[in-house]
Structures are given as C-alpha cells and as structure tokens.
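Enquirer:
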Amino acid sequence: MFWVLFLVLACGFAGVSCGRLCLAAARAADAERLADSPHPRHELSLYETAFLAGGPARVADVTLVSMARSSRLLLAHTGWATVVDPVGDDDMERSVIGAIGPEGQAPIAPLRAATATGDAVRALAERLVAAGLAVPDSARTTMAGAVRQVRAAAVAVVALGAVAVLMPGQPVEQELPVALWFALPLLLTLGCLALARVEIHPYTRWAAPAGQRLLAALPPGTGSLLAVAVRGVRAVDDPTLRAAFAGGRSGTGR
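Residues are numbered in our numbering as their position in the sequence shown, beginning at 1, plus a constant of 1079.
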C-alpha cells in the first residue's frame, strides 16, 4: 500500500495547480470586467494596433518594416539591419536606432528583442493598460504561469502513477486498480487545461475586451503597415523584407 503515498502527492499536485489556475482565471475575469467599463472613443494608432494584436514584438516588427519602406533602415536578406537615416521620426524609431548602436549595423533578431523591451514600448503598454485597452502584464503572466503549473502537475501525476504501478513486490492484480486511482488526478488536470483552452485561450493575449473590439472594427488590408500590425510579418508583401525577417529569426550571419 506504499503506492497510496504517491497517490496523495499526485492529488496534492493536481489540486494545488488547478486551484491556482481557477484563481488566476477569476482574477483575470475581474480585471477584464473593470477594464471593460465605458471610456471615451479611442482611435488606435499603428503602434497601438500592433501591440494589441501581437504585443511588444509586433510593435518592433512594424517599426522595422516602416523604417525599411521609408528607406531609413536597410534590412538585408541575411538578417542584418543597417541604419540609413540616423534621425528617427518618433520614439519607436529612435528606440530602434539606439538599439542598433553607434556601429550602425546589428542582427535583426537581437534588435527586435531589444526594441520590444525598450522604454518606448513599455510606455506604450502602460498607456494602453491605463486606457483599459490592454491586459495588465501581471494578469497575463499569472495566467500563463498557472497553465504551465497545471501542465507540470499532469506530467508529475503520470510519473508518480508509473512509479506506483511498477513498484517491485506489488501484486499483479493490483496494477489496474492503482492505475485507475491515478487516473482521477490526471483527469482533473487535463480537464482544467481543456477548459482553460476553450474559455481563456490564448493565455497571453494582449488586448482587453475593449481593445479586441477596436481591433475587430479595423478595415482589412493586404501588404499595408496596418496589415503587418494586425497579422505580423507574414503580411509583408515584399519578398526581400520577408527574407530579412526569416534570416533574423534563424540567426544567420552576415
């Protein structure tokens, strides 16, 4: 009956993780209801659209594409960015130029990451959260962490169940009942993950309900900067720019 100890541990892992997920979901729902209160009509800028649709990385992508199309930045198919005009038109462009550095060249992948975590994007996020259009970072990261914990608990339940079933000296006729006991906490964790995927997926969405409605009201576009803001770099119609971003993600050299 030593396997009962493993069952208690499995049930504890499942119960704690699922409880944390339920609590995080309830807090996220409360935050969304507060953010969904009436507010003055807001017309989204290009950077705001990019943030609500894809987060900080999308803002960096839109800025790079915009600078490349206006010939202020050269994005090579090898995955490198070269400054052409060192004077940025706004805070985002100045953030990109500052992230490239005095040498005037930088690989696109770390450049995107540096721009996404820069002060300009952070200030943009704070404004959108204050306007009730974006989900606070704390609520988003708490939800994602809770989902990861439930996934880890499901793996732990399977591992503990396997150890309990395969323990030496256990009667053969006990193997099936032991496995069925461990199926209970496993079903609990898998059920919570399924509900989370249906009810609150994606777990890391950036736009609050008010922001989602503004995104849904945007006109469709193909190849425009607005399309890039909404759909990402896959909406870029220039094959050279697409190759540049593909080279930046794969980490190719000069």
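Using N, Cα and C, we set each Cβ at its ideal position, and we do this for glycine too.
Tell me the start and end of each unbroken alpha helix (DSSP H) in the segment 1092-1177 that is at least 4 residues and wholly inside, in chain order.
Expert: If we require 4 residues or more, the alpha helix (DSSP H) runs fully inside the segment 1092-1177 come out as 1125-1133 and 1135-1148.
Enquirer: Can you list, in chain order, the residues of its chain with a C-beta nearer than 6 Å to that of Thr1194? Leave out the 5 residues immediately preceding and following it.
Expert: The answer, listed in chain order, is Ala1139, Ser1174, Val1175 and Ala1178.
Enquirer: If I follow the unbroken alpha helix (DSSP H) through Ala1233, where does it start and stop?
Expert: Run containing Ala1233: Asp1216 to Val1244, per the alpha helix (DSSP H) assignment.
Enquirer: In angstroms, rounded to a whole number, what distance separates the CA positions of Gly1094 and Pro1264?
Expert: Gly1094 and Pro1264: Cα-Cα distance of roughly 8 Å.
Enquirer: Checking 8 Å against the spacing of the C-beta atoms, do Val1234 and Leu1272 come in under that value?
Expert: No, Cβ-Cβ distance for Val1234 and Leu1272 is not below 8 Å.
Enquirer: Would you check if the distance between the CB atom of Ala1185 and the CB atom of Ala1202 is smaller than 8 Å?
Expert: Going by C-beta atoms, Ala1185 is not nearer than 8 Å to Ala1202.
Enquirer: Does DSSP put Ala1210 in a helix, a strand or coil?
Expert: Three-state DSSP puts Ala1210 in coil, outside helix and strand.
Enquirer: Taking DSSP as the reference, what is the three-state secondary structure of Pro1299?
Expert: DSSP places Pro1299 in coil when its eight states are reduced to three.
Enquirer: List the DSSP bridge partners of Pro1186.
Expert: DSSP, once it has assigned bridges, lists Trp1159 as partnering Pro1186.
Enquirer: Helix, strand or coil for Pro1318, going by three-state DSSP, please let me know.
Expert: Three-state result, Pro1318: helix.
Enquirer: With 16 other CB atoms within 10 Å as the buried threshold, where does Leu1245 fall?
Expert: Per the 10 Å Cβ criterion, exposed.
Enquirer: Buried or exposed for Ser1124, please, with buried defined as at least 16 other CB atoms from any protein chain shown within 10 angstroms of its CB.
Expert: Exposed is the call here.
Enquirer: Any contact of the segment 1216-1227 with the segment 1095-1103, i.e. 3+ C-beta pairs under 8 Å?
Expert: Flag = yes, the segment 1216-1227 and the segment 1095-1103 touch.
Enquirer: May I ask you to report which of helix, strand or coil DSSP gives Ala1051?
Expert: The shown model of the chain, from 1080 to 1333, leaves out residue 1051, and the question about it has no answer.
Enquirer: If you follow the alpha helix (DSSP H) that Val1312 is in, where does it begin and where does it stop?
Expert: Element bounds for Val1312: n/a, residue is neither H nor E.
Enquirer: With a CB to CB cut of under 6 Å and the five nearest residues on each side skipped, what residues in its chain are close to Val1200?
Expert: Pro1135 and Val1138, listed in sequence order.
Enquirer: Assign Thr1221 to one of two classes, buried (16 or more other C-beta atoms within 10 Å of its C-beta) or exposed (fewer than that).
Expert: Per the 10 Å Cβ criterion, buried.
Enquirer: Going by the CB atoms, is the gap between Val1257 and Trp1082 shorter than 8 Å?
Expert: In contact: Trp1082 and Val1257 (Cβ atoms closer than 8 Å).
Enquirer: Buried or exposed: Leu1241, going by 16 or more other Cβ atoms within 10 Å of its Cβ?
Expert: The question names Leu, but residue 1241 in the sequence shown is Ala. So Ala1241 counts as exposed.
Enquirer: Can you tell me whether Gly1197 is helix, strand or coil according to DSSP?
Expert: Looking at Gly1197 - three-state DSSP - the assignment turns out to be coil, as it is neither helix nor strand.
Enquirer: Using the beta-carbon count (16 or more within 10 Å), is Leu1084 buried or exposed?
Expert: Leu1084 is exposed by the Cβ-count criterion.
Enquirer: Hey, out of Pro1299, Gly1197, Gln1291 and Asp1316, whose CA is closest to Gly1335's CA?
Expert: Here the chain has residues from 1080 to 1333 only, and residue 1335 is not among them.
Enquirer: Suppose you measure from the CA of Glu1172 to the CA of Ala1289; what does that come to, to the nearest Å?
Expert: Cα-Cα distance, rounded: 27 Å.
Enquirer: Please name the residue in Val1087, Tyr1126 and Leu1088 whose C-alpha comes closest to that of Ala1306.
Expert: Out of Val1087, Tyr1126 and Leu1088, Tyr1126 has the C-alpha closest to the C-alpha of Ala1306.
Enquirer: Assign Ala1262 to buried or exposed, taking buried as 16 or more other Cβ atoms, counted over all protein chains shown, within 10 Å of its Cβ.
Expert: Exposed, because fewer than 16 other Cβ atoms sit within 10 Å of the Cβ of Ala1262.
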